[in-house]
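Using this note's numbering, read the sequence shown as starting at 361 and increasing by one per residue.
Heads up, the beta-carbon is just placed ideally off N, CA and C, and yes, glycines get one too.
If you're wondering where the values come from, they're calculated on a predicted model, not measured in any experiment.
See structure below.
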Amino acid sequence: MKDLDCIQFLQWALPKMEMRWPGFRKVRRQVCKRIDRRIKELGLSDASAYRRYLDAHPEEWVPLDSMCRITISRFYRDAAVFSYLENEVLPEIARKSCARGDRELRCWSIGCASGEEAYTLSLLWELSVKPGFPSLDIRIVGTDIDAKLIGRAEVGCYPPSSVKELPGDWLEQGFNRLNDRYCLSAKYRANVELSCQDIRRDMPTGSFFLILCRNLVFTYFNNTLQRKILKGIGEMLVPGGILVTGTHESLPAGADDLFVPEVHRKGIYQRSLSSQVRE
C-alpha cells in the first residue's frame, strides 16, 4: 500500500474511532504495515476496498482498532522524568500521604504495556524513596487494553533492550538473569496490580496520589475523548496529587481549571486543591 493511500485511509478512519491523525503522523508506517497485511489476509485489492469492507462489515472496526495501538515501552523511559519523580514528586506526595494517615501510596500507570513503567516506579520507590518513609507502602495499578501485553507483564521477564536505560545498580539489585532475559524479582512485582482495561471505557476504583498517563491519551485520542478521560482522571486524583503526561503532550482546553502545571518540569501537573471536576 502506498504511503499516500494509507494516509488518506487513516484520515478517514481514525476520527470514527475517536482518534486523531496528527498523533499518528510519525508512527504511521508501523500502522500502515499492519493494515496492509490485513488487506491481504482479507483478499482485498487496496485501501479503498478495505474502506468499503468496513462499511459492509462493522465488526471489522475491532481488529482495525487493535492495529492502531502503538506500543513503545521500556524501563526508565525518559530518564529525566523518573529522576524528577524520584527526587521531587514521590517524596512530596509521600509526605502528604503520611500526613493523611495512609498506609499505602496509590499510583496508577495508564497504558502500562508489558509493565515497564509500573515496574520502574516500583523499583524507584523500593530502592530510593521508601527508606525515608518506612511505614508507607506503595500500591501501583497498571492497566492496558492489550491482554497479551498484560500477560507479559505478569511474567516480568524482558530482553536487554528493555532494561538498558536503568541505572546499573537497579538492574543488578532488581533482576535475575535467565539466559538472554532479565526477570524482575518478586519483591518488585508484589507492589504492582495489573489489569486488562480500555481507558476509553473503564477505570480502576479508588483514588490515587500519582497517575502516569504518558504518550497515549493526549497523543492519539481526539479532543472530546481526551476531555472525557481527563475528567475521570481528575475525579480519581486526590487534591494535590500529581498527573504525569508525555513531555511533548499538552492537556486539552479547559484543563487549567483543575490542573496546575509544575513550573520546572513539562508534563507534570498538580491536581488543584480547590477546583471541582466539571461536567
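The secondary-structure analysis by DSSP pairs E464 across a beta bridge with D497. In this structure, DSSP gives P621 an extended state, which the three-state scheme calls strand. Between D396 and M427, the gap from beta carbon to beta carbon reaches 8 Å or more.
Secondary structure at I432: coil, using DSSP grouped into helix, strand and coil. With respect to I571, W468 sits close: the two C-beta atoms are nearer than 8 Å. Annotated three-state conformation of V391 is helix, per DSSP. With respect to the 8 Å criterion, F493 and A454 are classified as neighbours on the basis of their beta carbons.
A distance below 6 Å between beta-carbons, with the five flanking residues on each side excluded, links I498 to the following residues of its chain, in chain order: L465, W485 and N551. Take the alpha-carbon of I510 and the one of L483: they are about 19 Å apart. Of P564, F619, G471 and P527, the smallest CA-CA separation from S443 is found for P527. The region 553 to 565 and the region 520 to 540 do not touch, with fewer than three beta-carbon pairs separated by less than 8 Å. Taking a contact to require three or more Cβ pairs closer than 8 Å, the region 573 to 593 and the region 377 to 388 qualify as touching. Taking 8 Å as the cut-off, the Cβ atoms of V604 and F569 do not count as close. Counting of Cβ neighbours within 10 angstroms places E401 among the exposed residues, the total staying below 16. A distance below 7 Å between beta-carbons, with the five flanking residues on each side excluded, links Y436 to the following residues of its chain, in chain order: F442, T480, E525 and L526.
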